[in-house]
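Chemist:
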Amino acid sequence: MSNTIDTKRTRAAAHRGDSSKYLENTLPAIASAIDAGADLVEVDVRVTKDGQVILLHDASLLRIWSLDADVADVDYDRIRQLGAGEERIPLLSEALELFRDSRSTVLIDMDEPGPAKATAAVVRESGIEVAWCGNLDGMRIIRALDKDARIWLPWSKRTAPPEELLAELGPEFVNSEHVVLSKGMVEQIHAAGAKVACWTVDNLETMRWALGLGVDSITSNQLDLLQSAIAEDPQAWTSAQAPRGLAGDEVLESRKVAMELAEWAVGYMRDADRGLVSTKAHPADLVTEVDVAVERHVREVIGARLPGHTVVGEEMGGVALPGAPCWYLDPVDGTTNYVNQIPWTAFSLALAVDRKPAVAVVADPWRGEIFEGWAGHGAWLNGKPLSLASAGSSTAALAGTVVATELAGHLPWPGMLELLAELGERHSIMRIMGSATMTVVGVAAGRGAGAIIGSFSPIDHLAATLIVQEAGGVVLNSEGEMDTFPEQGGVLAARPEYAAELYELWSQAHADAGD
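Sequential numbering of the sequence shown, starting at 1201, is according to the numbering used here.
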């Protein structure tokens, strides 16, 4: 039987079945979604060691089923014993039978191409009409196997897919994580002849926002709430606020792009001719042809690889737009050092949305070091994890340590000389090296007790502060609050055992300077 749904309204897709009421990807979850009138029921497929196609999202059986093994390494006879009662891992063939004579359509998702052929064979044998989503190469395999397959094209960029990709796959839907969508993007996709689907939307405000954009399908773990939102008067959708953030695939691509640019910058800056040197705000504010060339290259790459992202750079400026991903770039931090052939400069690049940093890289071209930070996931130096958690005891005296800072342009910042004196009283040495990025990011590698910057700038400091935080360091604003992106004032980055004393000295220095 061919499933039919109302094509004049937004479809409700139940994510892994009615997963707010039953265990995901089980027969009870699927049956409940069908009974509730879901237009689509999304399920995930994996292939067992002995070639059986089952419903499971993760490659591992650990999260849901408490067996520490990968599906690909276990036969189905063992897998079918997991769980209790009806809450077990079903075969795809069993799940498909629930859709026979149903008005709901099963949407089969795969996050890798491996299951495509085996899954298509099970579907073909069942005679049940399905739709397909997930891995792009997997969708290509499905299209090659079935010219009439209902394909949902996976898409994680903030602009519509190119015409050649749409022509290649002929998708019914373009399926995107909801945060990348915009009214213009939805209109572009519709104009190209495809529908728009988004995932995974679980709160009412975001559902209303997506409905207001005119999307054709929404996938959610909260089926009842989604159906209620779809049934509302469309006037309820008009004032909904857009969600802010980055899509998962967008973050991964951003990390990849940032690392590639950092690696490129290391090679380019070491070998390039500095060219003409000019000044900007004052005679000590220098800029070289390399500064401009690096920034131009970064902008070109980000524009091509990450459409919809903006750049705010040291040399060419820019504006961060509300809700839009923004890269903060200093192509050569420490240009005065660079001009004077002092090998202490850095390439600094950080991605944030609405002052919330996500990805950062700092490259030291002279030592071949690349620092990376990923919000919530950690920090690395040349691929090796950084951790300050075990660098020392909970508190330590500053005697014998180095505390780094930088001038405010070419002059001391208010309180800097007072801080120098206070550190000296504690037998701690202040260092001014000439690159604020290097000064701060070094803390992530345990270099010195900490760093204090008189006036925070995301162009110069954001990449470094995120990396320090992700390495387990303490990053404070002028008010003593944890803050990698201060709106005003300075910033302190320190190893945990020195943070309290350093902040006390910094605050006192400010107070003394104001007297």
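Here a beta-carbon is modelled for each residue, glycine too, at the ideal position from N, C-alpha and C.
Is I1308 buried or exposed, if buried means 16 or more other CB atoms sit within 10 Å of its CB?
Modeler: As a position in the sequence shown, residue 1308 is number 108, starting the count at 1. Buried, because 16 or more other Cβ atoms sit within 10 Å of the Cβ of I1308.
Chemist: Of all the options D1660, S1678, G1237 and N1677, which has the alpha carbon lying nearest to the alpha carbon of S1304?
Modeler: Numbered from 1 along the sequence shown, position 104 holds the residue referred to as residue 1304. Closest option to S1304, Cα to Cα, is G1237.
Chemist: Does DSSP put M1339 in a helix, a strand or coil?
Modeler: Taking the sequence shown and counting its residues from 1, the one referred to as residue 1339 is at position 139. DSSP places M1339 in helix when its eight states are reduced to three.
Chemist: Are at least three pairs of beta-carbons, each pair with one atom in the stretch 1451-1461 and one in the stretch 1421-1440, less than 8 angstroms apart?
Modeler: Taking 8 angstroms as the limit for Cβ pairs, the verdict is that the stretch 1421-1440 does not touch the stretch 1451-1461.
Chemist: Quick one: measure Cβ to Cβ for G1568 and M1616, integer angstroms, because I've assumed they're closer than 8 angstroms.
Modeler: Position 368 of the sequence shown, counted from the start, is the residue given in the question as residue 1568. Position 416 of the sequence shown, counted from the start, is the residue given in the question as residue 1616. Between M1616 and G1568 the Cβ distance is about 31 angstroms, and since that is not below 8 angstroms, they are no contact.
Chemist: Hey, which unbroken runs of the beta strand (DSSP E) at 3 residues or more fall wholly within the stretch 1537-1568?
Modeler: The stretch 1537-1568 contains these whole beta strand (DSSP E) runs: 1546-1553 and 1556-1564.
Chemist: When every heavy atom of the ligand COA is checked, does at least one fall within less than 8 angstroms of the C-beta of D1416?
Modeler: The ligand COA is not part of the structure shown, which contains no ligands of any sort.
Chemist: For V1641 and W1574, what's the separation of their Cα atoms in angstroms?
Modeler: As a working mapping, residue 1641 is identified with position 441 in the sequence shown. As a working mapping, residue 1574 is identified with position 374 in the sequence shown. Their backbone Cα atoms lie some 14 angstroms apart in a straight line.
Chemist: For D1377, which residues does DSSP report across the bridge?
Modeler: Position 177 of the sequence shown, counting from 1, holds the residue named residue 1377. It should be noted that the sequence gives Glu, not Asp, for residue 1377. In DSSP, E1377 forms a bridge with W1399.
Chemist: Is DSSP giving T1535 helix, strand or coil here?
Modeler: In the sequence shown, counting from the first residue as 1, residue 1535 sits at position 335. In this structure, T1535 counts as helix in the three-state DSSP scheme.
Chemist: Have a look at A1472, E1500, G1503 and V1498 and flag the residue whose alpha-carbon is nearest the alpha-carbon of T1488.
Modeler: Locating residue 1488 in the sequence shown gives position 288, counting from the first residue. It is A1472.
Chemist: Can you tell which of A1392, L1365, V1539 and A1259 has its C-alpha closest to the C-alpha of S1478?
Modeler: What you label residue 1478 is simply residue 278 of the sequence shown in a count that begins at 1. Considering only alpha carbons, the answer is V1539.
Chemist: A1604 to K1584, Cα distance in whole Å?
Modeler: For this step, residue 1604 is matched to residue 404 along the sequence shown. For this step, residue 1584 is matched to residue 384 along the sequence shown. About 24 angstroms.
Chemist: Quick one: residues in its chain with C-beta nearer than 8 angstroms to the C-beta of L1476, no 5 flanking neighbours on either side, listed in chain order?
Modeler: By one-based count along the sequence shown, residue 1476 stands at place 276. Cβ within range, chain order: T1488 and E1489.
Chemist: Please report the residue range of the alpha helix (DSSP H) in which R1444 lies.
Modeler: Looking up residue 1444 in the sequence shown gives position 244. Premise fails: R1444 is in no alpha helix (DSSP H) and is neither H nor E.
Chemist: Given a cut-off of 9 angstroms, decide if H1627 and A1599 are closer than it, judged by their beta-carbon atoms.
Modeler: Counted from its first residue, the sequence shown places residue 1599 at position 399. Counted from its first residue, the sequence shown places residue 1627 at position 427. A contact, by the Cβ cut-off of 9 angstroms.
Chemist: According to DSSP, W1332 sits in a beta bridge with which residue or residues?
Modeler: Taking the sequence shown and counting its residues from 1, the one referred to as residue 1332 is at position 132. Note: W1332 sits in a beta bridge opposite I1308 and I1351.
Chemist: Going by DSSP in three states, R1211 sits in which element: helix, strand or coil?
Modeler: In the sequence shown, the residue the question calls residue 1211 occupies position 11. R1211 falls in the strand class under three-state DSSP.
Chemist: Given A1694, which residues of its chain have a CB within under 7 angstroms of its CB, disregarding the five upstream and five downstream residues?
Modeler: Along the sequence shown, read from residue 1 onward, the residue named residue 1694 stands at position 494. Taken in chain order, the residues that qualify are V1643, A1649, G1650, G1673, V1674 and L1702.
Chemist: Count the other CB atoms, across all protein chains shown, that sit within 10 Å of the CB of I1632; report buried if there are 16 or more and exposed otherwise.
Modeler: Numbered from its first residue, the sequence shown carries residue 1632 at position 432. Exposed, since its Cβ has fewer than 16 Cβ neighbours within 10 Å.
Chemist: List the residues that DSSP assigns as beta-bridge partners of D1485.
Modeler: For the purposes of this step, residue 1485 is taken as the residue at position 285 of the sequence shown. None, per the DSSP bridge assignment.
Chemist: Beta strand (DSSP E) containing A1579: first to last residue?
Modeler: Taking the first residue of the sequence shown as 1, we reach residue 1579 at position 379. From DSSP, the beta strand (DSSP E) with A1579 extends over G1578 to L1581.
Chemist: Going by DSSP, which residues form a beta bridge with S1478?
Modeler: In the sequence shown, residue 1478 corresponds to position 278, counting from 1. Its beta-bridge partners are V1487.
Chemist: Are the CB atoms of E1572 and A1458 nearer to each other than 9 angstroms?
Modeler: Here residue 1572 refers to the residue found at position 372 of the sequence shown. Here residue 1458 refers to the residue found at position 258 of the sequence shown. Against a cut-off of 9 angstroms, the Cβ pair of A1458 and E1572 comes out as a contact.
Chemist: First and last residue of the beta strand (DSSP E) that includes T1510?
Modeler: Locating residue 1510 in the sequence shown gives position 310, where the first residue counts as 1. Note, T1510: beta strand (DSSP E), T1510 to G1513.
Chemist: Compare the Cα-Cα distances from W1355 to each of R1343, A1349, A1344 and L1369 and report the closest residue.
Modeler: Position 155 of the sequence shown, counted from the start, is the residue given in the question as residue 1355. Selected option, being the one with the closest Cα: L1369.
Chemist: Candidates L1461, W1399, D1533 and P1522: which alpha carbon is nearest R1499's?
Modeler: Reading the sequence shown from its first residue, position 299 is the one you call residue 1499. Here the closest residue by C-alpha is L1461.
Chemist: Let me check understanding here. Comparing Cα to Cα, which of Q1422, P1361, R1444 and A1320 lies closest to H1378?
Modeler: Residue 1378 sits at position 178 when you count from the first residue of the sequence shown. For H1378, the nearest C-alpha among the options comes from R1444.
Chemist: Alpha carbon to alpha carbon, how far is L1296 from G1448? Give it in angstroms, no decimals.
Modeler: In the sequence shown, residue 1448 corresponds to position 248, counting from 1. In the sequence shown, residue 1296 corresponds to position 96, counting from 1. If you take the alpha carbons of G1448 and L1296, they lie about 29 angstroms apart.
Chemist: Could you check what DSSP says for G1646 in three-state terms: helix, strand or coil?
Modeler: Mapped onto the sequence shown, residue 1646 falls at position 446. Of the three classes helix, strand and coil, the one that applies to G1646 here is coil, per DSSP.
Chemist: Looking at C-alpha atoms only, which residue of G1503, I1254, V1492 and A1636 is the closest neighbour of V1691?
Modeler: Residue numbering aside, residue 1691 sits at position 491 when the sequence shown is read from its first letter. Of G1503, I1254, V1492 and A1636, the residue nearest in Cα terms is A1636.
Chemist: Which residue comes first and which comes last in the beta strand (DSSP E) that contains E1242?
Modeler: As a position in the sequence shown, residue 1242 is number 42, starting the count at 1. It spans L1240 to V1247 - the beta strand (DSSP E) in which E1242 sits, taken as one unbroken run.
Chemist: I'd like the list of long-range same chain contacts for G1523, defined as Cβ closer than 6 angstroms, with 5 residues on each side in sequence excluded.
Modeler: Numbered from its first residue, the sequence shown carries residue 1523 at position 323. Closer than 6 angstroms at the Cβ level, and outside the excluded window around G1523, lie A1442 and R1444.
Chemist: What runs of the beta strand (DSSP E), each 3 residues or longer, lie entirely inside the stretch 1623-1694?
Modeler: If we require 3 residues or more, the beta strand (DSSP E) runs fully inside the stretch 1623-1694 come out as 1629-1632, 1650-1653, 1674-1677 and 1691-1694.
Chemist: What does a CB cutoff of less than 7 angstroms around L1581 pick up in its chain, not counting 5 residues either side in sequence?
Modeler: Reading the sequence shown from its first residue, position 381 is the one you call residue 1581. E1569, F1571 and A1645.
Chemist: Checking contacts by CB at 9 angstroms: is D1337 closer than that to chain C?
Modeler: The structure shown has no chain C; it contains just one protein chain.
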